[in-house]
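Note sheet for the following structure.
In this note's numbering, the protein residues as written are 1 to 189.
Next up, the structure:
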């Protein structure tokens with residue numbers, strides 16, 4: 001039995017998680033319903049795996065997100081969960097991490113493989129480069145694709161170039177305000 005690895009992010013209709021220059025402003029603030037989905041997604045994870053860029057984005061806000069004057073109850077819960085959830089950051093360029101986090105500077109695929117083989121509940125993975133390496137290695141068990149009705153024409157793709165086909169089973173579809181749609185797939189093994 002191995003731990004489940006889930007890759008989920010907001011994407012554009014044409015499949016990008018960020019515009020050129022790492023701009024994610026196209027996704028706008030999420031609706032309360034979509035924010036709750038992401039909160040539940042994170043609450044179900046026992047370990048979060050981050051690439052450097054996503055780590056830098058998350059760690060620049062969420063350590064004190066619950067202390068913001070306009071923080072909603074869901075944002076307060078998300079911030080507290082983010083701090084409490086164990087995290088692993090994969091980077092060869094940063095040298096320090098905080099908030100219940102361990103830094104891995106070596107072979108990411110070997111470490112993710114080791115983590116999957118260990119005991120514990122589901123893990124989430126985020127960051128295009130890190131998730132792409134895990135996808136190519138066949139380590140991702142589930143994809144949560146939250147598609148926004150935006151076309152960018154370029155940027156950072158959600159799906160990386162694969163070495164072989166990956167067959168998937170549809171698990172769930174759901175719509176959110178603003179024409180945002182979730183599709184969840186499990187890897188068919």
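Glycine included, C-beta positions come from ideal geometry on N, C-alpha and C.
Residue-level contact to chain B via CB, residue i, 8 Å cutoff
i          : result
residue 94 : Chain labels in this structure do not include chain B; a single protein chain is all it has.
Beta-carbon contacts of residue i that lie in its chain and below 8 Å, excluding the five residues immediately before and after
i           : result
residue 195 : The structure shown does not extend to residue 195, since the chain is modelled only from 1 to 189, so the question has no answer here.
residue 154 : 16, 19 and 20
residue 31  : 176, 177, 178 and 180
residue 45  : 6, 85, 121, 122, 123 and 124
residue 75  : 35, 65, 66 and 68
residue 73  : none
residue 27  : 10, 148 and 150
residue 137 : 109, 112 and 113
residue 93  : 52
residue 163 : 136
Residues of its chain near residue i, where Cβ-Cβ distance is below 6 Å and the 5 sequence neighbours each way are ignored
i           : result
residue 47  : 86 and 123
residue 143 : 7 and 185
residue 97  : 89 and 103
residue 105 : 92
Residue i vs residue j beta-carbon contact at 8 Å
i           : j           : result
residue 126 : residue 39  : no
residue 80  : residue 95  : no
residue 51  : residue 90  : yes
residue 186 : residue 141 : yes
residue 147 : residue 180 : yes
residue 102 : residue 112 : no
residue 9   : residue 159 : no
residue 49  : residue 130 : yes
residue 37  : residue 139 : no
Residues near residue i in its chain [Cβ-Cβ closer than 7 Å; skip 5 each side]
i           : result
residue 188 : 167, 168 and 169
residue 25  : none
residue 117 : 2
residue 71  : 65
8 Å contact criterion, which residue i and residue j should meet: CB distance rounded
i           : j           : result
residue 13  : residue 151 : 6 Å
residue 145 : residue 2   : 22 Å between Cβ atoms; not a contact.
residue 128 : residue 156 : 5 Å
Residues that DSSP places opposite residue i in a beta bridge
i           : result
residue 8   : 144
residue 184 : 144 and 172
residue 18  : 156
residue 135 : BP columns for residue 135 are empty, so no partner.
residue 125 : 7 and 49
Could you tell me which whole alpha helix (DSSP H) segments of length 4 or greater appear in the segment 42 to 121? With a minimum length of 4 residues, the continuous alpha helix (DSSP H) runs that stay inside the segment 42 to 121 are 52 to 59, 73 to 84 and 108 to 117.
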